[in-house]
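2 protein chains.
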Amino acid sequence: MVTISSQEPRGRARLVDVAERSGVTKSIVSRVINGDTTLRIRPETRTRILRIADDLGYRPHAGARALSLSRTGVLALLIPDLSNSVYAAVTRGAYRQARELGYAVLLAEDTADVGGGDDYAELVISGRVDGLLVASARADHPLVDRLLREPDAIAHVFVNREVPGSHRNVGLDMAGASAAAVDHLVAHGHRHIAMTPGPPELTPAQARLGGFRARLEHHGLSPEAIASGDFSEAGGYTAAREILTRWPSTTALYTSTFVQAIGAMQAARSLGRRLPHDLSIITYDDSPMADYLEPRLTTVAMPLAELGATAVDLLVEQLASGQVRDLRIEDGFRIVERDSVVPPTR
Amino acid sequence: MVTISSQEPRGRARLVDVAERSGVTKSIVSRVINGDTTLRIRPETRTRILRIADDLGYRPHAGARALSLSRTGVLALLIPDLSNSVYAAVTRGAYRQARELGYAVLLAEDTADVGGGDDYAELVISGRVDGLLVASARADHPLVDRLLREPDAIAHVFVNREVPGSHRNVGLDMAGASAAAVDHLVAHGHRHIAMTPGPPELTPAQARLGGFRARLEHHGLSPEAIASGDFSEAGGYTAAREILTRWPSTTALYTSTFVQAIGAMQAARSLGRRLPHDLSIITYDDSPMADYLEPRLTTVAMPLAELGATAVDLLVEQLASGQVRDLRIEDGFRIVERDSVVPPTR
DNA sequence: ACCCCGTGGAGAACCGGTTTTCCAGACGGT
DNA sequence: ACCGTCTGGAAAACCGGTTCTCCACGGGGT
């Protein structure tokens, strides 16, 4: 039978362990570690405590801390689709900024199958996280309903989607980016320009389409064709085929996501169009892959990391002050010229 | 001045709130809610408690629970790169299985810049999660060192990588999948087959290369060429260009990741090779995008969701019993035939 | 010798759960 | 009427922190 002496290191060092070895009480250790400025303490005692805490590898227990402070220092980022690399960039920006502000980020994929999405509200109610960054695009999301019904119950910010009346939207200048895409195509001489904006009920699709239409009008043009289709390769393929068969005069296409562009390129090829001469393509959102397509794909790169970081800023601000507001990142997008946009041959 | 009556709903309902309204003590409520079978209680009292808890929307405070139980019911999944869709599939499998077993999964991207990676061990030490699913591929990872030094301090499992001596590896049959790819190419008549395995120091690259070599040998062949390059588009491009320029007799190429294949296709085109007739390509890992490339890309689809689920199984088993073991998912991969593999023309 | 004040820290309450121990009262048997 | 047993639940300790209140002690001034 082996008895554990009190000198034996336990599984983890606790505050009281540090206190015992330092010859003080745990309240002192807590205040030293947290840098309480109202504490008057002998410098040597302070350094002794800090050294012992370090020796023991002391780390505060997150649960105990959350219980005592009524806050966790964790934010949840809800994204609709992990395989969409757009969210990878947003996530990186959010992580970095959260870290900067002393928060951690918990990432959750908000798939439709997870019990209606109410689980995510539960993250906050059960005290796992302090607030929610909601990047889900689904229009009829039950979580969104709930957040709108009792907005103050749960700190939250909507990222890259627009929930009217929430006053908690942080977004990109999608209209501006779309206008830039139009300008780029027009500058190359295109006048018969089509677009695949994405599902009409989703706000990102609406915003990009709105900017597209408005800028065409500015140039005295109107859309050659608009065809919806979801944000996937298949959606781009279907929409582009529809456009190219029903409006063969189209010389340029603006797609709403990178993978839509992939689908659209395949659609063009399947109809015997040669890229880029028979059809110029530019897409919203950039990707490392753009350099390795044939033709290399011209894109509008968006400041996604900044979007994530700004969303964190807003959420932390909301946690601290209770104030909420909308914010749009006005600049930061840019056209990345590659080979998929050339002057029209007709 | 408004005074809050005790009838007023607080921010969240606590156990004691449910208890008061039920006319019992919180210990009873706790035992009822947790289904304590040793509790003898009047059925009507039980239903009353449950109804009131439901009415109040009671959710236990995760921190308090973790403090009391010394477990959180949360597992952390550490992945090296969020923009890699392979991990999206692994993550989905892990989420689903974790949910099944009553756990939640916290996702963390293990980027190199995050303070040496020791932060992740801290997730466990600080009581935020119960265990770690480590999918990071970096060979020299400080976290891996730490886990190897004190393996019992932190429950963990290595996913899709092989850490020798850890006895906590769960992986796919990469060698078998590579053998299947070789078989597929050989069945189409190829005898001059090259591979871009990826960075030589990473175990996934080694495992795929090993299976490739062994199966070629089985067919009485030897590799036409092997060129390393990282797992990205650029890595595939560079490696494929090297192969095609230095070993022009190559008729078929097996790449180690989907995006490597994208890069390799571009490399082939850049050298005037026509796909697939001048070069057949097959890649490890499938993607929805494969259907929209030119030519449509033949792949070896891996059971990634099952990998994630199995990893969770093993970690939960480790938490429950302290037992550890290696596990390889032997089957489940399959060739997805598309258009990028054709008989050689030479 | 006495008072006052600043220094340096002790002690206890509390956060919201879980779990173990214990007990009042009803009930049945003799 | 008394005893033992079972039923249904109360009470308290504990998990590991944070924070508020309070106090012992020593030095300086008069």
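Protein chains in written order, with this note's numbering: chain A, 1 to 346; chain B, 1001 to 1346. The beta-carbon is built from N, C-alpha and C at its ideal position, and this holds for glycine as well.
Query	Result
Would you say I125 of chain A lies against chain B (beta-carbon separation less than 8 Å)?	yes
Can you name, in chain order, every residue of its own chain whose Cβ lies under 6 Å from the Cβ of I4 of chain A, other than the five neighbours on each side?	The pLDDT assigned to I4 of chain A is 35, lower than 50, so where the model puts this residue is not dependable; a value taken from the coordinates is nonetheless given after this. Nothing meets the Cβ criterion.
List, from N- to C-terminal side, the alpha helix (DSSP H) runs of 4 residues or more that fit wholly inside the stretch 1106-1188 of chain B.	1118-1125, 1142-1149 and 1174-1187
Output needed in chain order: residues of the stretch 1248-1280 of chain B with a Cβ under 7 Å from some Cβ in chain A.	V1259, I1262, G1263, Q1266 and R1269
For V90 of chain A, which residues does DSSP report across the bridge?	Bridge partners of V90 of chain A: none, in fact.
Restricting to runs no shorter than 3 residues, where is the beta strand (DSSP E) found entirely within the stretch 1019-1079 of chain B?	1074-1079
Whole angstroms is fine: what's the gap from T1238 of chain B's alpha carbon to V157 of chain A's?	42 Å
With DSSP run on the structure shown, which of helix, strand or coil describes M1302 of chain B?	coil
My guess is that P295 of chain A and L275 of chain A are in contact by the Cβ rule of under 8 Å, so how many angstroms apart are they, rounded?	5 Å
If I'm right that E306 of chain A touches I329 of chain A with Cβ under 8 Å, what's the distance once you round it to whole angstroms?	6 Å
So who's on the other strand from L327 of chain A, going by DSSP bridges?	A:V170
Tell me, please, whether the CB atom of R128 of chain A is closer than 8 Å to any CB atom in chain B?	yes
Quick one: measure Cβ to Cβ for T1203 of chain B and R1161 of chain B, integer angstroms, because I've assumed they're closer than 8 Å.	5 Å
Would you say the beta carbon of F258 of chain A comes nearer than 7 Å to a heavy atom of the ligand HEM?	With respect to the ligand HEM, the structure shown offers nothing to examine, as it has no ligands at all.
Check the Cβ of T91 of chain A against every Cβ in chain B and list those closer than 8 Å, keeping chain order.	L1082 and E1109
Give the residues of chain B in contact with G35 of chain A, contact being defined as C-beta atoms less than 8 Å apart.	Those do not exist, as G35 of chain A stays about 18 Å from chain B at its closest Cβ, beyond 8 Å.
Between which two residues does the beta strand (DSSP E) harbouring M1195 of chain B extend?	I1193 to T1196
May I have the straight-line CA-CA distance separating G1035 of chain B from N1084 of chain B, to the nearest angstrom?	42 Å
In this structure, what does DSSP give as the bridge partners for T1255 of chain B?	B:T1196 and B:T1283
Name the two residues that bound the continuous alpha helix (DSSP H) containing R1213 of chain B.	T1203 to H1218
Let me check understanding here. Comparing Cα to Cα, which of A:A194, A:P344, A:L271 and A:T283 lies closest to E337 of chain A?	A:T283
Determine the chain A residues that contact H1156 of chain B at a beta-carbon separation under 7 Å, and present them in chain order.	In chain order: nothing, as chain A lies at least about 15 Å away.
Looking at chain B, is there any beta carbon in it that lies within less than 8 Å of the beta carbon of H219 of chain A?	no
Would T1251 of chain B and S1280 of chain B be called neighbours here (beta carbons separated by less than 8 Å)?	yes
Taking the alpha helix (DSSP H) that R1296 of chain B falls in, what are its first and last residues?	Segment: none, R1296 of chain B is in no alpha helix (DSSP H) and carries neither H nor E.
Against chain A, with Cβ distances strictly below 8 Å, would H1061 of chain B count as a contact?	yes
Touching or not, the stretch 85-101 of chain A and the stretch 117-127 of chain A, by the rule of three or more beta carbon pairs under 8 Å?	no
What are the boundary residues of the beta strand (DSSP E) that R334 of chain A is part of?	R334 to V336
Nearest chain A C-beta to G1116 of chain B closer than 8 Å, yes or no?	Low local confidence applies: a pLDDT of 47 at G1116 of chain B is under 50, so the model's placement there is unreliable, with the coordinate-based value given in what follows. G1116 of chain B does not count as touching chain A.
Tell me the DSSP bridge mates of P1226 of chain B?	Pro is not the amino acid found at residue 1226 of chain B; the sequence shown has Ile there. According to DSSP, I1226 of chain B bridges with B:M1195.
So F231 of chain A packs on G198 of chain A, CB below 8 Å; how close in whole Å?	5 Å
Any beta-carbon of chain B closer than 8 Å to the one on P233 of chain A?	One detail in the question is off: residue 233 of chain A reads as Glu in this sequence, not Pro. For E233 of chain A, the answer is yes, since a Cβ of chain B falls inside 8 Å of its Cβ.
Taking the Cβ atom as the reference point for each residue, do R241 of chain A and A267 of chain A lie within a distance shorter than 8 Å?	yes
Quick check on this structure: which residue in B:P1043, B:T1257, B:P1200 and B:V1016 has the alpha carbon closest to the alpha carbon of D1177 of chain B?	Before going further, note that residue 1177 of chain B is Ala rather than Asp in the sequence given. For the residues B:P1043, B:T1257, B:P1200 and B:V1016, the minimum Cα distance to A1177 of chain B belongs to B:T1257.
Once DSSP output is grouped into helix, strand and coil, what is the label at A1013 of chain B?	coil
To the nearest whole angstrom, what separates the beta carbons of L1314 of chain B and L1327 of chain B, a pair I think is in contact under 8 Å?	6 Å
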